[in-house]
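Protein chains in written order, with the numbering used here: chain A, 182 to 336; chain B, 182 to 336.
Protein chains: 2
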Amino acid sequence: MNVEFINPFLASLLNVISTMASMQLTPGKPQVKTHNLAKGDISGLMGMVGPKTKGSLSITFEQGLILEIMDKMLGEKPDFLNEDVSDLVGEITNMVTGGAKNLLSDKGYDFDMATPAVVVGKNHSISHKAKGKKILMPFSHAAGNAYIEICFDEE
Amino acid sequence: MNVEFINPFLASLLNVISTMASMQLTPGKPQVKTHNLAKGDISGLMGMVGPKTKGSLSITFEQGLILEIMDKMLGEKPDFLNEDVSDLVGEITNMVTGGAKNLLSDKGYDFDMATPAVVVGKNHSISHKAKGKKILMPFSHAAGNAYIEICFDEE
């Protein structure tokens, strides 16, 4: 997978969290995922279909981080991952994928987005099944970690 | 959501499990999902994009059932939900969505499939974020339960 495909997703998450929650996440080094090491408590998933390729994306948050984002964005800090937090993760997933879609469209890569689904479950992991390399982008913050994973069928 | 949209998914799961594992699941009554009541241990998720609508599907299995399916299909019964079981759930998700896609195409509803992602985590729940009704289809078997959930943006 081309690095041109990675940076738009990375930049889009930093931008969404900075704009909506006035928080700065620290990006780690993107890596090819060989094991299912990225675990978290709530994840947004999105399918993507383009004329030349298709794939899936996930954005996974540890509970502490998503509750801090919720507090900064909406002034609410629930005690657990309720439906409002799930809706927020669905919105973030839409915004991040949409932002990356626009950046990639400018470079001639086009895809359509499906609709997001959100998984809630303590310490779950996600395995993307497209045939290409699985790219993991880690993000850190004092409140907790987040991970984007993307995988596209290789042409 | 039209009942025409529900039966192809229901029939497709029954057919895949019957053909591949010689097992008969018992379908319960499809229902509009109002709470996140369907919990399981491993789920396959798939995004769908058509010219008129888009949405997401999940197939969730309890651990006992998917290990029984694995045993019947491949003659292997791992002690836990390892990568082979995850791959199997990805394949089942592809086959069920592909089967429903063919049945729906015959009726004039077309969509393209993204690629599956599989979630592993004890007792997780899934919340589909398309704007239409969330349809839950329960299936039972002596070894455990399974659930299909689908949600499409309403036109």
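Even glycine gets a Cβ: it sits at the ideal position worked out from N, Cα and C.
On a predicted model such as this, the values are computed, not experimentally measured, just so you know.
Under the three-state reduction of DSSP output, A281/B falls in the helix class. With three or more CB-CB distances shorter than 8 Å, the region 281-288 of chain B counts as touching the region 187-205 of chain B.
One finds V230 in chain B with Cβ atoms closer than 7 Å to the Cβ of D293/A, taken in chain order.
At a cut-off of 8 Å between C-beta atoms, S267/A counts as an interface residue with respect to chain B. Of all alpha-carbon atoms in G271/B, V277/B, S224/B, the one lying nearest the alpha-carbon of I198/B is that of V277/B.
Only residues of its own chain outside the window of five on either side were considered, and among them T241, F242, E243 have a CB closer than 6 Å to the CB of G221/A, listed in chain order.
By alpha-carbon distance to M294/B, the top candidate from V230/A, H216/A, I273/A is V230/A. The way I'd put it, the region 297-310 of chain B doesn't touch the region 199-210 of chain B; fewer than three beta-carbon pairs between them come closer than 8 Å. DSSP, reduced to helix, strand and coil, places Q212/B within a strand of the structure shown. According to DSSP, residue pairing for A327/A in a beta bridge involves F242/A, F320/A. A311/A has its alpha-carbon roughly 8 Å from the corresponding atom of E335/A.
For L226/A, the chain B residues whose C-beta falls within less than 7 Å of its own C-beta are L226, A298, listed in chain order. CA-CA distance, P319/B to G225/A, rounds to 23 Å. Between H305/B and the set G325/B, I223/B, V270/B, S267/B, the nearest pair of CA atoms involves I223/B.
Beta-carbon to beta-carbon, T274/A and M227/A are separated by about 5 Å, close enough to satisfy the 8 Å threshold.
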